[in-house]
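Asker:
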Amino acid sequence: MTRAHGHHTSRILYRVCWCLLFLAPALMPQARMSAGLRFPVPSEEGWNAAEASSARVPQEAREAYSAQVVDAETGEELPFTQVYICEGRGTVANSEGQFCIDAHPQEVLTITCMGYQRVRLKAADLPHTLRLTPATTEMREVTVVASENILKQVVQQMEADYQAQKNVYTYYYMRQTYRMDDAVEMAEAYFTASSANNLRQVEFMAGRMFHEKSNERKLVLDFSNIHASLSLAPMIKDEAFWQETIIPLNQKRFRNRYNYEDLYQTSITAQADQDGRRILCIHIQPQEGKKQRKPVMTGDLYVRADNLHPIGFKGRIDGLRLESSLNGEKRTAKARIDINIAYSRAQGYNKVESISTHLRGDGIDSQTTAYNVANLDIPDDADSRHSENLLVAIWHTRKDAAWWQKNIILPTKAEQRLMRENGITPPSIITPSNETSRP
267 MTRAHGHHTS RILYRVCWCL LFLAPALMPQ ARMSAGLRFP VPSEEGWNAA EASSARVPQE
327 AREAYSAQVV DAETGEELPF TQVYICEGRG TVANSEGQFC IDAHPQEVLT ITCMGYQRVR
387 LKAADLPHTL RLTPATTEMR EVTVVASENI LKQVVQQMEA DYQAQKNVYT YYYMRQTYRM
447 DDAVEMAEAY FTASSANNLR QVEFMAGRMF HEKSNERKLV LDFSNIHASL SLAPMIKDEA
507 FWQETIIPLN QKRFRNRYNY EDLYQTSITA QADQDGRRIL CIHIQPQEGK KQRKPVMTGD
567 LYVRADNLHP IGFKGRIDGL RLESSLNGEK RTAKARIDIN IAYSRAQGYN KVESISTHLR
627 GDGIDSQTTA YNVANLDIPD DADSRHSENL LVAIWHTRKD AAWWQKNIIL PTKAEQRLMR
687 ENGITPPSII TPSNETSRP
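Sequential numbering from 267 applies to the sequence shown in the numbering used here.
1) Would you mind working out which of Pro371, Glu342, Asn616, Ser632 sits nearest Leu588, comparing C-alpha positions?
2) Do you know whose CA, among Phe457, Gln537, Glu554, lies nearest Ile548's CA?
3) Near His652, what residues of its chain come up, given a Cβ to Cβ distance below 6 Å and the 5 sequence neighbours on each side ignored?
4) Any chance the region 358-376 sits against the region 542-556, with 3 or more Cβ pairs inside 8 Å?
5) Following the continuous beta strand (DSSP E) through Met708, name the residue where it begins and the one where it ends.
6) How about the region 512-530 and the region 416-424: do they share at least three Cβ pairs that are nearer than 8 Å?
7) Return the CA-CA distance between Asp391 and Ala333, expressed in angstroms with no decimal places.
8) Could you give the distance in angstroms between the alpha-carbon of Leu586 and the alpha-carbon of Leu396?
9) What are the partner residues of Arg441, as DSSP defines its beta bridges?
10) Once the 5 residues before and after Tyr615 are set aside, which same chain residues still bring their CB inside 6 Å of it?
11) Would you check if there are 3 or more beta carbon pairs closer than 8 Å linking the region 617-630 to the region 496-514?
12) Can you pull the DSSP bridge partners for Tyr530?
13) Determine the direct distance from the alpha carbon of Trp669 to that of Ile278, and round the result to whole angstroms.
14) What's the C-alpha gap between Ala401 and Gln383?
15) Does Arg384 come out as helix, strand or coil in the three-state DSSP assignment?
16) Less than 8 Å between the CB atoms is what I'm expecting for Glu478 and Glu451, so what's the real figure, rounded?
17) Check the C-beta distance from Gly565 over to Met446 and give it rounded, since I have them as a contact under 8 Å.
18) Determine, using beta carbons only, whether Met440 and Lys580 come nearer to each other than 9 Å.
19) Can you give me the C-alpha to C-alpha distance between Ile513 and Ala571, rounded to a whole angstrom?
20) Who are Ser332's beta bridge partners in DSSP?
21) Hey, how far is the Cα of Met337 from the Cα of Leu515?
22) Quick check: what's the CA-CA separation for Thr399 versus Tyr609?
23) Along the beta strand (DSSP E) that carries Ile377, what are the first and last residues, could you check?
24) I'd like to confirm the pairing. Which residues does DSSP put opposite Phe470 in its beta bridges?
25) Do Glu654 and Asn638 have their C-beta atoms within less than 9 Å of each other?
26) Relative to the C-alpha of Val562, which residue among Val569, Thr535, Ile605 is closest?
27) Give the range of the alpha helix (DSSP H) segment to which Leu684 is assigned.
28) CB-CB under 6 Å to Trp508, same chain, minus the five flanking residues each way: which ones, in chain order?
29) Name the DSSP bridge partner or partners of Met706?
30) What did DSSP end up calling Ala612 once you bin it into helix, strand or coil?
31) On the premise that Glu329 lies in contact with Ala359, defined as a C-beta separation below 8 Å, what is that separation, rounded to the nearest angstrom?
32) State buried or exposed for Gly689, treating a residue as buried only when at least 16 other CB atoms are found within 10 Å of its CB.
33) Between which residues of its own chain and Arg406 is the CB-CB distance below 6 Å, once the five residues before and five after are set aside?
34) Return the CA-CA distance between Ile607 and Gly578, expressed in angstroms with no decimal places.
35) Do Tyr331 and Ala389 have their C-beta atoms closer together than 9 Å?
This is the structure we're talking about:
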């Protein structure tokens, strides 16, 4: 799907650029509103194999299948692991590594997490604890010159994808949890966004808010622009909010060069999965001895070795200045954001499949996860209103709207408690009385 977008007009929040500024209520109508370890990558072969497999499955009743994903060697939870059946049918594990998905017993699930061996198994064979084996590293390092040449080819592909598909948009589901000291709020939303390389031109279609009832203090999530983190990526297009942050694959102003060519040092390691497929990890770090006055994004970009298509990014930004307010008390603190992105080429271009960001500062913690839900089969409510402002979408979404009948991402225990406090029965992971009843 495509749509025409004009350039965003200048807003007061753009003036802070690399700050995450909580706007006053009077400015709210103009506001654009809205965690991080190893991250999953979708597989091109995985999509095709899963779709073909799904097409052969008898149309028997679907059942709910759930599991927790952990590292097979350490037992560490693996958050944001991707789970696919076919295009438009999948989910992502929550920050505790848990997921739940509706599937026919014989449908094949493809489960991927960056840095781990990919797993394919029938839904009926899904264990309650799924242990992923770390991928094998083939080589230690490639020369800097070679890594820059490879990165240049990756950038050229990403630029071509953007130029060809910049108006193609995708439906996403988002959940955001925000904590300040001991107070908590959470929001859920559906939105559309142009999806080539990075999310941009976000338009919220539906939303709902959860406030912690046991705490009298109320946060100002309603008036925040934290959701600007949705547009983060190693290459950011058409998004002015981050123009004062150094992004590695962005083009430098007034010069036909990219930031990584002058401000970063790069190296490469490679891994092989159980199918013999090689994945390159391009490590992008600031050049030693060069101090920057602006916040700098660093991280690892994962690409396929055979065609250099990006499949995932795991990075961070340090040195952000965070301005916030709680009960009228303003505070300023340094913060960092961890960024985890999974890409897909299921539709022939470098599309953001999912993104998770984790913002941390002094007394402040915010996690935001968005996941591609393909073409929604839920009709818009008659009184719904698409808006760049999450709060407007919340105001115009009915409490019993059909949007919330879909379980996209399994809530964590803390999120389930918050939903119950607001009168909502949350979906939960299925815990059997006998752990050995399934593999």
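We put the beta carbon where it would ideally sit given N, CA and C, even for glycine.
Answerer: So, to answer that:
1) To locate residue 588, count along the sequence shown from 1; it is residue 322. For Leu588, the nearest C-alpha among the options comes from Ser632.
2) For the purposes of this step, residue 548 is identified with residue 282 of the sequence shown, where counting begins at 1. The option with the nearest alpha carbon to Ile548 is Gln537.
3) Taking the sequence shown and counting its residues from 1, one reaches residue 652 at position 386. Answer for His652: Glu469, Met471, listed in chain order.
4) no
5) Any answer about residue 708 is impossible in this case: the structure gives the chain only from 267 up to 705.
6) yes
7) Position 125 of the sequence shown holds residue 391. Position 67 of the sequence shown holds residue 333. Distance between the alpha carbons of Asp391 and Ala333: 11 Å.
8) Looking up residue 586 in the sequence shown gives position 320. Looking up residue 396 in the sequence shown gives position 130. Taking the straight line joining both Cα atoms gives about 36 Å.
9) Here the question's residue 441 lines up with position 175 in the sequence shown. Looking at the DSSP assignment, Arg441 forms a beta bridge with Glu454, Thr635.
10) Taking the sequence shown and counting its residues from 1, one reaches residue 615 at position 349. The residues are Asp427, Gln431, Ala462.
11) yes
12) By 1-based counting over the sequence shown, the position of residue 530 is 264. Answer is Pro552.
13) The sequence position of residue 278 within the sequence shown is 12, counting from 1. The sequence position of residue 669 within the sequence shown is 403, counting from 1. Low confidence applies to Ile278: its pLDDT is 24, below 50, so where it sits in the model is not reliable, and the reading given next is rough at best. Rounded to whole angstroms, Ile278 to Trp669 spans 32 Å at the Cα level.
14) For the purposes of this step, residue 401 is taken as residue 135 along the sequence shown, with counting starting at 1. For the purposes of this step, residue 383 is taken as residue 117 along the sequence shown, with counting starting at 1. So the two alpha carbons sit approximately 5 Å from each other.
15) As a working mapping, residue 384 is identified with position 118 in the sequence shown. Coil.
16) On the sequence shown, residue 478 is found 212 positions in, with the first residue counted as 1. On the sequence shown, residue 451 is found 185 positions in, with the first residue counted as 1. Their Cβ separation, rounded to whole angstroms, is 7 Å, which keeps Glu478 and Glu451 in contact under 8 Å.
17) Counted from its first residue, the sequence shown places residue 565 at position 299. Counted from its first residue, the sequence shown places residue 446 at position 180. Incorrect: roughly 27 Å between the Cβ atoms, too far for contact.
18) The residue given as residue 440 occupies position 174 in the sequence shown. The residue given as residue 580 occupies position 314 in the sequence shown. Contact flag unset, no.
19) What you label residue 513 is simply residue 247 of the sequence shown in a count that begins at 1. What you label residue 571 is simply residue 305 of the sequence shown in a count that begins at 1. The straight-line gap from Cα to Cα measures roughly 23 Å.
20) For the purposes of this step, residue 332 is identified with residue 66 of the sequence shown, where counting begins at 1. Answer is Cys366, bridged to Ser332.
21) The residue given as residue 337 occupies position 71 in the sequence shown. The residue given as residue 515 occupies position 249 in the sequence shown. The sequence as given places Asp at residue 337; Met does not occur at that position. Spanning the two alpha carbons is a distance of roughly 31 Å.
22) Locating residue 399 in the sequence shown gives position 133, counting from the first residue. Locating residue 609 in the sequence shown gives position 343, counting from the first residue. Taking the straight line joining both Cα atoms gives about 21 Å.
23) Locating residue 377 in the sequence shown gives position 111, counting from the first residue. Counting along the chain, the beta strand (DSSP E) containing Ile377 begins and ends at 374-378.
24) Within the sequence shown, residue 470 is the residue found at index 204, counting from 1. DSSP output for Phe470 lists Phe457, Ser653 as bridge partner(s).
25) Here residue 654 corresponds to residue number 388 of the sequence shown, with the count starting at 1. Here residue 638 corresponds to residue number 372 of the sequence shown, with the count starting at 1. Their beta carbons are not under 9 Å apart, which means Glu654 does not touch Asn638 by this criterion.
26) Locating residue 562 in the sequence shown gives position 296, counting from the first residue. For the residues Val569, Thr535, Ile605, the minimum Cα distance to Val562 belongs to Ile605.
27) Working through the sequence shown from its first residue, we reach residue 684 at position 418. Where Leu684 is concerned, the enclosing alpha helix (DSSP H) stretches over 679-687.
28) For this step, residue 508 is matched to residue 242 along the sequence shown. For Trp508, where only same-chain residues beyond five positions count, the Cβ hits under 6 Å are Ile502.
29) Only positions 267 to 705 of the chain appear in this structure, which leaves residue 706 out of reach.
30) In the sequence shown, the residue the question calls residue 612 occupies position 346. Ala612: coil per DSSP, three-state reduction.
31) Your numbering for residue 359 matches position 93 in the sequence shown. Your numbering for residue 329 matches position 63 in the sequence shown. At roughly 19 Å, the Cβ-Cβ gap does not stay under 8 Å, so Ala359 and Glu329 are not in contact.
32) The residue you call residue 689 lines up with position 423 of the sequence shown. Gly689 is exposed by the Cβ-count criterion.
33) Reading the sequence shown from its first residue, position 140 is the one you call residue 406. For Arg406, the predicted model reports a pLDDT of 47, less than 50, meaning its position is unreliable and no value from the coordinates is stated.
34) Mapped onto the sequence shown, residue 607 falls at position 341. Mapped onto the sequence shown, residue 578 falls at position 312. Roughly 5 Å separates the two Cα atoms.
35) The residue given as residue 331 occupies position 65 in the sequence shown. The residue given as residue 389 occupies position 123 in the sequence shown. Contact: yes.
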